[in-house]
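Under the UniProt record's numbering, the first residue of the sequence shown is numbered 1, with each subsequent residue one higher.
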Amino acid sequence: PLWATRSAAADQAAAAVSASGDGRNDMAALNSRRLSLPTKLTDRLLAGIVPSATAAVSNSPVPARATASSNGNNGDWTLDPNLAPAPEYVRSMAQPPLAPAKRAFSNADQFVETMLPLAKEAAARIGVDPVMLAAQAALETGWGKSIMRQQDGSSSHNLFGIKAAGSWKGAEARAITSEFRDGKMVKETADFRSYDSYADSFHDLVSLLQNNNRYKEVVNSADKPEQFVKELQKAGYATDPDYASKISQIAKQMKSYQTYAAASGSSTTL
1 PLWATRSAAA DQAAAAVSAS GDGRNDMAAL NSRRLSLPTK LTDRLLAGIV
51 PSATAAVSNS PVPARATASS NGNNGDWTLD PNLAPAPEYV RSMAQPPLAP
101 AKRAFSNADQ FVETMLPLAK EAAARIGVDP VMLAAQAALE TGWGKSIMRQ
151 QDGSSSHNLF GIKAAGSWKG AEARAITSEF RDGKMVKETA DFRSYDSYAD
201 SFHDLVSLLQ NNNRYKEVVN SADKPEQFVK ELQKAGYATD PDYASKISQI
251 AKQMKSYQTY AAASGSSTTL
């Protein structure tokens, strides 16, 4: 490259001045060498003069979001982070408007403490382990860090990414989603249901499963947690091919949390 040629020429000039023995001029040689350094950042990176930013970029976690499914009138969506930080359960959707800071959860523990009691009543309607519903909510919202807002800035309380389609007459929240289409991710804008509370979101999910024939096998397998999430994925609730396994992994984490909470005297148990 050009900078290498210039550097070599400068070194030769400096050596000539030093070898002459007369009128030694180290400053002139130093200035000549400085002028020979590559001016373009790309050349300097190649020369090893400045560190590359590649490592910093690769180590930065990129929250992902859940994807939406176009199947059915309810327009269900999901997967995708994780947002969660761990790749096992990150979401795969473009960042939607988040809930105001006062609605956010400071950490995963706070999310679990809040959601498990709310999930219990709704889960009892179909006989599913409430941990599975709470785990699904964690996957959909990145442990509560990515909850859509309504136009007025208030929280939509939408934990499961259920779209505002069909017979829905309630409030709505709009978000940009990333859908899996023919194996590729594409961005789309969609309207999602908005609720008055997180409890309403849990109950609406259960109502959706009960009232849509598409999810008949999901409800029938409610007493088998692992099969429950597999049937949910099979029914097309999410376009992510690993949706069921991600929910199961999060559920295991929550089970561990329950064990710890019980040992420490916490009241958050199921």
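Cβ coordinates follow ideal geometry from the N, Cα and C atoms, glycine included. Computed from a predicted structure; not experimentally measured.
Q: For GLU172, count neighbouring Cβ atoms within 10 angstroms of its own Cβ and tell me buried if that reaches 16, exposed if not.
A: Mapped onto the sequence shown, residue 172 falls at position 172. Flag for GLU172 reads buried.
Q. Is there contact between the segment 125-143 and the segment 204-213, where contact requires at least three CB pairs shorter than 8 Å?
A. yes
Q.
Taking the beta carbon of VAL218 as the centre, do at least 16 other beta carbons fall within 10 Å, making it buried, or is it exposed?
A. Residue numbering aside, residue 218 sits at position 218 when the sequence shown is read from its first letter. Buried.
Q. Do you know whose CA, among LYS252, TYR215, ASP242, SER201, lies nearest LEU118's CA?
A. Here residue 118 refers to the residue found at position 118 when the sequence shown is read from its first residue. Out of LYS252, TYR215, ASP242, SER201, SER201 has the C-alpha closest to the C-alpha of LEU118.
(Q) With DSSP as the reference, identify every bridge partner of MET115, one or two as the case may be. (A) Locating residue 115 in the sequence shown gives position 115, where the first residue counts as 1. None; MET115 has no bridge partner.
Q) So, do the segment 188-196 and the segment 228-238 have three or more beta carbon pairs nearer to each other than 8 Å? A) no
Q: Return the Cβ separation of ILE147 and SER155 in integer angstroms, given the expectation that the two are a contact with Cβ distance under 8 Å.
A: Here residue 147 corresponds to residue number 147 of the sequence shown, with the count starting at 1. Here residue 155 corresponds to residue number 155 of the sequence shown, with the count starting at 1. Right, their Cβ atoms sit about 6 Å apart.
Q: Confirm, please, whether the CB-CB distance from MET254 to VAL128 is below 8 Å.
A: For this step, residue 128 is matched to residue 128 along the sequence shown. For this step, residue 254 is matched to residue 254 along the sequence shown. Result no, Cβ atoms of VAL128 and MET254 do not sit closer than 8 Å.
Q | ILE250, DSSP secondary structure in three states | A | Against the sequence shown, residue 250 aligns to sequence position 250. Helix.
Q | Under the three-state DSSP convention, the category SER221 falls into | A | Stepping through the sequence shown from its first residue, residue 221 is reached at position 221. Coil at SER221, not helix or strand.
Q) Between ALA165, PRO241, TRP143, which lies nearest to LEU159 when the distance is taken from Cα to Cα? A) Start at 1 with the first residue of the sequence shown, and residue 159 comes out as number 159. Checked all of ALA165, PRO241, TRP143; the closest Cα to LEU159 is TRP143.
Q: Check whether the Cβ atoms of LYS184 and ILE176 sit closer than 8 Å, and answer yes or no.
A: Position 184 of the sequence shown, counted from the start, is the residue given in the question as residue 184. Position 176 of the sequence shown, counted from the start, is the residue given in the question as residue 176. It is not a contact, given that the beta carbons lie outside the stated cut-off.
Q. Alpha carbon to alpha carbon, how far is ASP109 from GLY166?
A. In the sequence shown, the residue the question calls residue 109 occupies position 109. In the sequence shown, the residue the question calls residue 166 occupies position 166. Taking the straight line joining both Cα atoms gives about 35 Å.
**Q.** Residue range of the unbroken alpha helix (DSSP H) whose run includes PHE202
**A.** For the purposes of this step, residue 202 is taken as the residue at position 202 of the sequence shown. Looking at the DSSP string, the run of the alpha helix (DSSP H) that includes PHE202 is 198-211.
Q) Excluding the five sequence neighbours on either side, which residues of its own chain have a C-beta within less than 7 Å of the C-beta of PHE228, listed in chain order? A) Taking the sequence shown and counting its residues from 1, the one referred to as residue 228 is at position 228. Excluding positions up to five away in sequence, the list reads VAL128, MET132, VAL218, SER221, ALA222.
Q | Buried versus exposed, by CB contacts within 10 Å (16 or more), ASP240 | A | Your numbering for residue 240 matches position 240 in the sequence shown. So ASP240 ends up on the buried side.
Q) So what's ARG174 in DSSP terms, helix, strand or just coil? A) Within the sequence shown, residue 174 is the residue found at index 174, counting from 1. ARG174 falls in the strand class under three-state DSSP.
Q) Should THR189 be labelled buried (16 or more other beta-carbon atoms within 10 Å of its own) or exposed? A) In the sequence shown, residue 189 corresponds to position 189, counting from 1. With fewer than 16 Cβ atoms within 10 Å of its Cβ, THR189 is classed as exposed.
Q: Measure the alpha-carbon distance for ASP152 versus ALA199 and round it to whole angstroms.
A: Counted from its first residue, the sequence shown places residue 152 at position 152. Counted from its first residue, the sequence shown places residue 199 at position 199. So the two alpha carbons sit approximately 21 Å from each other.
Q: Report the option in ASP242, ASP182, ARG125 whose CA atom is closest to the CA atom of LEU139.
A: Looking up residue 139 in the sequence shown gives position 139. When each option's Cα is compared against that of LEU139, the closest is ASP242.
Q: Under the assumption that PRO225 contacts ALA244 (Cβ atoms under 8 Å), give the Cβ distance between them as a whole number of angstroms.
A: Here residue 225 refers to the residue found at position 225 of the sequence shown. Here residue 244 refers to the residue found at position 244 of the sequence shown. Actually they are not in contact, since the Cβ atoms of PRO225 and ALA244 sit about 10 Å apart, beyond 8 Å.
Q: Leaving aside the five residues before and after THR114 along the sequence, list all residues of the same chain whose C-beta is less than 6 Å from its C-beta, in chain order.
A: For the purposes of this step, residue 114 is taken as residue 114 along the sequence shown, with counting starting at 1. Excluding residues within five positions, none has a Cβ falling inside 6 Å.
Q | Counted within 10 angstroms of its Cβ, other Cβ atoms place GLY170 as buried (16 or more) or exposed | A | Taking the first residue of the sequence shown as 1, we reach residue 170 at position 170. Looking at its Cβ environment, which holds fewer than 16 other Cβ atoms inside 10 Å, GLY170 is exposed.
Q) Does DSSP classify PHE180 as helix, strand or coil? A) Working through the sequence shown from its first residue, we reach residue 180 at position 180. Strand at PHE180.
Q | Straight-line gap, HIS157 to LYS216 (C-alpha atoms, nearest Å) | A | Stepping through the sequence shown from its first residue, residue 157 is reached at position 157. Stepping through the sequence shown from its first residue, residue 216 is reached at position 216. Taking the straight line joining both Cα atoms gives about 26 Å.
Q) In chain order, what residues of the same chain lie with their CB nearer than 8 Å to the CB of ALA122, ignoring the 5 residues before and after it? A) Locating residue 122 in the sequence shown gives position 122, counting from the first residue. The answer, listed in chain order, is PRO130, LEU133, ALA199, PHE202, HIS203, LEU205, VAL206.
Q. Run through DSSP, which three-state label would ARG125 get?
A. Numbered from its first residue, the sequence shown carries residue 125 at position 125. The answer is coil: DSSP assigns ARG125 none of H, G, I, E or B.
**Q.** Beta-carbon proximity of ALA164 to ASP191, cut-off 8 Å
**A.** Here residue 164 refers to the residue found at position 164 of the sequence shown. Here residue 191 refers to the residue found at position 191 of the sequence shown. Yes, Cβ-Cβ distance for ALA164 and ASP191 is below 8 Å.
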